[in-house]
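The block underneath contains the structure these notes are about, expressed in structure tokens.
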Amino acid sequence: MASAEDEVTQVIYKFYDALEDLLRARGTGSMIEIWHHTDYVTTSHPFGSWARGWTEVKVNWEEGAAVFSAYQGHATRSDRIGGIHELKVVVMGDAAHGTGIYRSKLYMSDGVLDLCLNCTNILQRIDGIWKIVHHHADQAQPEWQAAIGRMVGAGHS
Amino acid sequence: MPGVPHLPINVGSAAGGFRVLPSPDGHLRIAAWGYWPPEVITAFGVNAPAAAQTLAPSSIFVFDTKELKPQGAEGQDALRALFRAVAPLPFAKGMIIRGNAMTCMQLARLLRECRADKRLEFTDTEAVGG
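Line order of the protein sequences matches chains A and B. The numbering of the first sequence is our numbering, which starts it at 60 and goes up by one. The numbering of the second sequence is our numbering, which starts it at 31 and goes up by one.
Encoded structure:
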């Protein structure tokens with residue numbers, strides 16, 4: 060039987076798999092499934108501001124997918140866009156958190172765009188199932204945000 | 031109609047809403063904030079495009095989105111209605127005051143979809159308008 064720490068670790072890895080799906084235009088279904096859909100969930104992304112409550116959180120992930128629908132750099136690549144590293148998980152009853160470093164690499168038309176951010180995920184065990192209730196990523200450096208903005212404005216990467 | 035003054039319009043609450051502020055000299059300022067509930071979406075979809083019709087060739091249009099959050103599908107449709115109304119109008123200058131970076135991405139995407147991206151430029155400060 061898996062320990063609570065193992066269960067939480069697997070859910071956090073699934074979160075980053077869901078993020079990968081979202082960034083690679085494979086939909087938001089797995090991201091939506093992994094969250095607890097309630098008013099107290101919160102998320103913040105490399106672009107900045109907070110989304111509070113499931114309605115806003117869901118919209119933020121959907122907009123993230125819309126933003127990255129313009130990204131074509133991985134269309135013919137098999138390597139991941141990004142993933143979580145140095146993940147440390149702590150479980151306290153029905154609550155848990157994981158801290159780690161998200162690293163990603165985007166292949167833009169004018170070069171490679173690297174990202175390296177500290178991230179925190181908080182989970183709650185609801186009816187025996189761990190769900191994400193909070194996600195926080197540091198804001199990306201302005202150059203990264205500007206490059207993504209140019210991609211959105213142009214409609215291609 | 032161009033040049034026809036509209037009264038200021040204020041819809042919503044602190045959590046989400048918008049304000050339309052026409053000025054006597056023909057300029058137009060729309061400020062939007064928060065996450066819009068359905069009644070705000072409906073009102074914006076009607077009032078903002080209608081207010082845009084008052085823009086004259088000498089007008090400056092300011093869309094203040096400093097406090098606006100990314101919107102869901104229906105809210106995006108209301109924003110598209112404004113951008114589609116604005117795209118063919120012959121006003122002098124259009125500015126979007128940016129805040130939330132994710133909102134900025136959403137607006138940039140919608141502007142491009144509505145072919146209004148050449149009419150409105152993003153700015154950090156309100157150099158003109160009121």
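Every residue, glycine too, gets a C-beta built ideally from N, C-alpha and C.
Smallest Cα separation from residue i: which of the options?
{"i": "residue 192/A", "options": "204/A, 61/A, 146/A, 67/A", "result": "67/A"}
{"i": "residue 217/A", "options": "64/A, 126/A, 75/A", "result": "Since the displayed chain A opens at 60 and closes at 216, residue 217/A lies outside it and no answer follows."}
{"i": "residue 83/B", "options": "104/B, 69/B, 113/B, 99/B", "result": "113/B"}
{"i": "residue 134/A", "options": "175/A, 71/A, 156/A, 165/A", "result": "165/A"}
{"i": "residue 168/A", "options": "62/A, 154/A, 213/A", "result": "213/A"}
{"i": "residue 182/A", "options": "151/A, 104/A, 142/A, 197/A", "result": "151/A"}
{"i": "residue 172/A", "options": "85/A, 201/A, 144/A", "result": "201/A"}
{"i": "residue 204/A", "options": "61/A, 100/A, 104/A, 62/A", "result": "104/A"}
{"i": "residue 88/B", "options": "121/B, 116/B, 110/B, 80/B", "result": "121/B"}
{"i": "residue 101/B", "options": "44/B, 136/B, 51/B", "result": "136/B"}
{"i": "residue 53/B", "options": "81/B, 62/B, 68/B", "result": "81/B"}
{"i": "residue 134/B", "options": "153/B, 44/B, 107/B, 39/B", "result": "153/B"}
{"i": "residue 74/B", "options": "105/B, 58/B, 146/B, 86/B", "result": "105/B"}
{"i": "residue 72/B", "options": "63/B, 51/B, 56/B, 108/B", "result": "108/B"}
{"i": "residue 61/A", "options": "123/A, 196/A, 187/A", "result": "187/A"}
{"i": "residue 111/B", "options": "131/B, 143/B, 132/B, 86/B", "result": "143/B"}
{"i": "residue 67/B", "options": "114/A, 108/A, 177/A", "result": "114/A"}
{"i": "residue 197/A", "options": "107/A, 79/A, 137/A", "result": "107/A"}
{"i": "residue 37/B", "options": "63/B, 44/B, 78/B", "result": "78/B"}
{"i": "residue 103/B", "options": "189/A, 131/A, 185/A, 120/A", "result": "120/A"}
{"i": "residue 122/A", "options": "61/B, 147/B, 132/B, 145/B", "result": "132/B"}
{"i": "residue 155/A", "options": "100/A, 170/A, 189/A", "result": "189/A"}
{"i": "residue 124/A", "options": "81/A, 170/A, 177/A", "result": "81/A"}
{"i": "residue 44/B", "options": "63/B, 57/B, 58/B, 138/B", "result": "63/B"}
{"i": "residue 194/A", "options": "86/A, 85/A, 112/A", "result": "112/A"}
{"i": "residue 39/B", "options": "61/B, 56/B, 55/B, 57/B", "result": "61/B"}
{"i": "residue 76/B", "options": "138/B, 50/B, 56/B", "result": "50/B"}
Among the residues of its own chain, which have a CB less than 6 Å from the CB of residue i, if the five just before and after it don't count?
{"i": "residue 77/A", "result": "89, 90, 93"}
{"i": "residue 34/B", "result": "Here the model assigns residue 34/B a pLDDT of 49, short of 50, so the residue's position is not dependable, and the following value carries that caveat. If we look at residue 34/B and ignore the five residues flanking it on each side, its Cβ neighbours are 84."}
{"i": "residue 65/B", "result": "46, 99"}
{"i": "residue 209/A", "result": "none"}
{"i": "residue 63/A", "result": "150"}
{"i": "residue 118/A", "result": "none"}
{"i": "residue 116/A", "result": "100, 102, 110"}
{"i": "residue 178/A", "result": "159, 161, 196"}
Bridge partners for residue i per DSSP, in chain order?
{"i": "residue 176/A", "result": "161/A"}
{"i": "residue 184/A", "result": "189/A"}
{"i": "residue 153/B", "result": "127/B"}
{"i": "residue 194/A", "result": "102/A, 180/A"}
{"i": "residue 170/A", "result": "167/A"}
Leaving out the 5 sequence neighbours to the left and right, which residues in its chain are closer than 8 Å to residue i when beta-carbon positions are compared?
{"i": "residue 129/B", "result": "95, 96, 97, 98"}
{"i": "residue 22/B", "result": "The question about residue 22/B has no answer here: the residues shown for chain B are numbered 31 through 160."}
{"i": "residue 211/A", "result": "126, 129"}
{"i": "residue 155/B", "result": "127"}
Counting only the same chain and skipping the five closest in sequence on each side, list residues whose C-beta sits under 7 Å from that of residue i.
{"i": "residue 146/A", "result": "68, 71, 157, 159"}
{"i": "residue 70/B", "result": "41, 42, 46, 47, 48"}
{"i": "residue 74/A", "result": "93, 180, 191"}
{"i": "residue 83/A", "result": "133, 140"}
{"i": "residue 20/A", "result": "With chain A running from 60 to 216 in the structure shown, residue 20/A is simply not present."}
{"i": "residue 163/A", "result": "140, 141, 174"}
{"i": "residue 119/B", "result": "82, 85"}
{"i": "residue 131/A", "result": "215, 216"}
{"i": "residue 184/A", "result": "153"}
Does the distance between the C-beta of residue i and the nearest non-hydrogen atom of the ligand MN fall short of 8 Å?
{"i": "residue 107/A", "result": "This structure simply doesn't include the ligand MN, nor any ligand for that matter."}
Completely contained beta strand (DSSP E) runs for the stretch 80 to 168 of chain A, where each covers 3 or more residues: 101 to 103, 109 to 111, 141 to 151, 154 to 167
In chain order, each beta strand (DSSP E) run of at least 3 residues that lies wholly inside the stretch 31 to 97 of chain B: 39 to 43, 46 to 52, 58 to 64
The stretch 95 to 115 of chain A / the stretch 136 to 146 of chain A touching (three or more Cβ pairs under 8 Å): no
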